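Enquirer: Take a look at the following structure, please.
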Amino acid sequence: MLFKDRTAAGQVLAQKLADYANRPNVLVLALPRGGVPVGFEVAQALNAPLDVLIVRKLGVPENEELAMGAIASGGVRILNQSIVEQIQIPDEVIASVAAQQQRELERRETMYRGDRPFPDLKGKIVILVDDGLATGATMWAAIIAVRQKQPQEIVVAVPVAAPETCEEICSKVQKVICANTPSPFYSVGMWYEKFPQTTDDEVRELLNKATNNHQPLLF
Numbered sequence: 082m083l084f085k086d087r088t089a090a091g092q093v094l095a096q097k098l099a100d101y102a103n104r105p106n107v108l109v110l111a112l113p114r115g116g117v118p119v120g121f122e123v124a125q126a127l128n129a130p131l132d133v134l135i136v137r138k139l140g141v142p143e144n145e146e147l148a149m150g151a152i153a154s155g156g157v158r159i160l161n162q163s164i165v166e167q168i169q170i171p172d173e174v175i176a177s178v179a180a181q182q183q184r185e186l187e188r189r190e191t192m193y194r195g196d197r198p199f200p201d202l203k204g205k206i207v208i209l210v211d212d213g214l215a216t217g218a219t220m221w222a223a224i225i226a227v228r229q230k231q232p233q234e235i236v237v238a239v240p241v242a243a244p245e246t247c248e249e250i251c252s253k254v255q256k257v258i259c260a261n262t263p264s265p266f267y268s269v270g271m272w273y274e275k276f277p278q279t280t281d282d283e284v285r286e287l288l289n290k291a292t293n294n295h296q297p298l299l300f
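Numbered continuously in our numbering, the sequence shown closes out at residue 300.
Right under this line is the structure:
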């Protein structure tokens, strides 16, 4: 399955999440930036509020696409010990990369949320959405961050994922939906016809649009 773009991927994903439509305790949390266009379509289809959870990959110096870990809002930091040990990455290098990504995480928090507080997740069904899963490091950090907020259920939903990563995430949450698990996988972008960088302005525009469109359910 090749998705036209993130919007089309979100529409496909939304169909697979139809059981969660029009439920007052459902919240869609998208991982910026690429997960937001996908999450927007899911939230619209489910008539659920949309928000963001900021997560940053800790890339290996000289090979930043390779994740040695990730950080997430709420002070979460995870490390891929096998990568760290295999490449023998010193602690001071990890600390430096983490500090740099923490600054970017805080910048995005301010940019996307401003003074608006992080949503209350206690007792909620939280659907974590991204545009794809490669190593799963950022999603794992997101899961840990959400768990701290005592949700009723965590659902991970992505249009495309490496088969082994999808399987691994299945052991960490109540439900996982990977619409496409191609093998060999190569990269997330390989499975989209159009895969441009999502901008900060696009993220803010979609969040504002989702807020204006959402009709709270009164039961």
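Using N, Cα and C, we set each Cβ at its ideal position, and we do this for glycine too. None of the values given here were measured: they were computed from a predicted structure.
At the level of alpha carbons, what is the spacing between Q96 and Y267?
Expert: Within the sequence shown, numbered from 1, the residue matching residue 96 stands at position 15. Within the sequence shown, numbered from 1, the residue matching residue 267 stands at position 186. For Q96 and Y267, the distance between alpha carbons rounds to 26 Å.
Enquirer: Pick out whichever of L214, L288, V239 has its Cα sitting closest to the Cα of E146.
Expert: Here residue 146 refers to the residue found at position 65 when the sequence shown is read from its first residue. Nearest of L214, L288, V239 to E146, Cα basis: L214.
Enquirer: Could you check the C-alpha separation between A226 and K203 for me, to the nearest Å?
Expert: One-based indexing of the sequence shown puts residue 226 at position 145. One-based indexing of the sequence shown puts residue 203 at position 122. Their Cα atoms are separated by approximately 12 Å.
Enquirer: Are the CB atoms of L110 and L134 nearer to each other than 8 Å?
Expert: Locating residue 110 in the sequence shown gives position 29, where the first residue counts as 1. Locating residue 134 in the sequence shown gives position 53, where the first residue counts as 1. Yes. Within cutoff.
Enquirer: Please tell me whether P240 and V93 are closer than 8 Å, where the distance is taken between their beta carbons.
Expert: Along the sequence shown, read from residue 1 onward, the residue named residue 240 stands at position 159. Along the sequence shown, read from residue 1 onward, the residue named residue 93 stands at position 12. Yes.
Enquirer: Please report the residue range of the beta strand (DSSP E) in which E234 lies.
Expert: Translated into the one-based positions of the sequence shown, residue 234 becomes position 153. Looking at the DSSP string, the run of the beta strand (DSSP E) that includes E234 is 234-241.
Enquirer: In angstroms with no decimal places, state the Cα-to-Cα distance between F183 and G195.
Expert: Within the sequence shown, the letter at position 102 stands for residue 183. Within the sequence shown, the letter at position 114 stands for residue 195. Just to set this straight, residue 183 is Gln in the shown sequence, not Phe. Whole-angstrom Cα-Cα distance: 17 Å.
Enquirer: Identify, in the order they occur along the chain, each residue of the same chain with its Cβ nearer than 7 Å to the Cβ of G150, setting aside the five sequence neighbours on each side.
Expert: Locating residue 150 in the sequence shown gives position 69, counting from the first residue. Once the five neighbours on either side are set aside, the close Cβ partners of G150 are L139, R158, I159, L160, N161, A218.
Enquirer: Whole angstroms are fine: how far does the CA of T88 sit from the CA of V119?
Expert: Numbered from 1 along the sequence shown, position 38 holds the residue referred to as residue 119. Numbered from 1 along the sequence shown, position 7 holds the residue referred to as residue 88. Computed Cα separation, rounded: 6 Å.
Enquirer: Just to confirm my understanding: we take G387, look at its own chain, exclude 5 residues before and 5 after, and list those with CB closer than 7 Å. What are they?
Expert: A question about residue 387 goes unanswered here, because the residues of the chain that appear run from 82 up to 300.
Enquirer: Let me know the secondary structure DSSP gives Y101 once reduced to three states.
Expert: Indexing the sequence shown from 1 puts residue 101 at position 20. Helix, per DSSP.
Enquirer: What does DSSP give as the partner residues of Y273 in its beta bridges?
Expert: Here residue 273 refers to the residue found at position 192 of the sequence shown. Beta-bridge pairing links Y273 to F84.
Enquirer: Work out the CA separation of N294 and Q125 for me, nearest whole Å.
Expert: What you label residue 125 is simply residue 44 of the sequence shown in a count that begins at 1. What you label residue 294 is simply residue 213 of the sequence shown in a count that begins at 1. Cα to Cα, Q125 sits roughly 8 Å from N294.
Enquirer: Which residues does DSSP list as the beta-bridge partners of N261?
Expert: For the purposes of this step, residue 261 is taken as residue 180 along the sequence shown, with counting starting at 1. According to DSSP, N261 bridges with V241.
Enquirer: Between the alpha carbons of P198 and L112, how many angstroms are there, rounded?
Expert: For this step, residue 198 is matched to residue 117 along the sequence shown. For this step, residue 112 is matched to residue 31 along the sequence shown. Near 17 Å, if we compare the C-alpha coordinates of L112 and P198.
Enquirer: Suppose the cutoff is 8 Å on Cβ atoms and the five residues either side in sequence are ignored; what does the same chain contact list for Q255 look like?
Expert: Position 174 of the sequence shown holds residue 255. Excluding residues within five positions, the ones whose Cβ falls inside 8 Å are E234, I235, V236.
Enquirer: Could you tell me the distance, in whole angstroms, from the CA atom of E122 to the CA atom of I206?
Expert: Walking along the sequence shown from the start, residue 122 turns up at place 41. Walking along the sequence shown from the start, residue 206 turns up at place 125. Each residue's Cα considered, the two are about 17 Å apart.
Enquirer: Which residues in the same chain as C247 place their Cβ atom closer than 7 Å to its Cβ, once the five residues preceding and following it in sequence are excluded?
Expert: For this step, residue 247 is matched to residue 166 along the sequence shown. If we look at C247 and ignore the five residues flanking it on each side, its Cβ neighbours are L214, V257, C259, T262.
Enquirer: Do you know whose CA, among D211, D201, T279, lies nearest R228's CA?
Expert: Within the sequence shown, residue 228 is the residue found at index 147, counting from 1. Of D211, D201, T279, the residue nearest in Cα terms is D201.
Enquirer: For R188, does the count of other Cβ atoms within 10 angstroms reach 16, so buried, or fall short, so exposed?
Expert: Translated into the one-based positions of the sequence shown, residue 188 becomes position 107. Its Cβ having fewer than 16 others within 10 Å, R188 is exposed.
Enquirer: Please report how far the alpha carbon of L27 lies from the alpha carbon of T191, in whole angstroms.
Expert: Because the chain spans 82 through 300 in this model, residue 27 falls outside it and cannot be assessed.
Enquirer: Sort A176, D212, E143, S154 by Cα distance to D86 and report the nearest one.
Expert: Counting from 1 along the sequence shown, the entry for residue 86 is found at position 5. Taking only the C-alpha atoms, the option nearest D86 is D212.
Enquirer: Tell me the rounded alpha-carbon separation between L186 and V136.
Expert: Working through the sequence shown from its first residue, we reach residue 186 at position 105. Working through the sequence shown from its first residue, we reach residue 136 at position 55. The straight-line gap from Cα to Cα measures roughly 7 Å.
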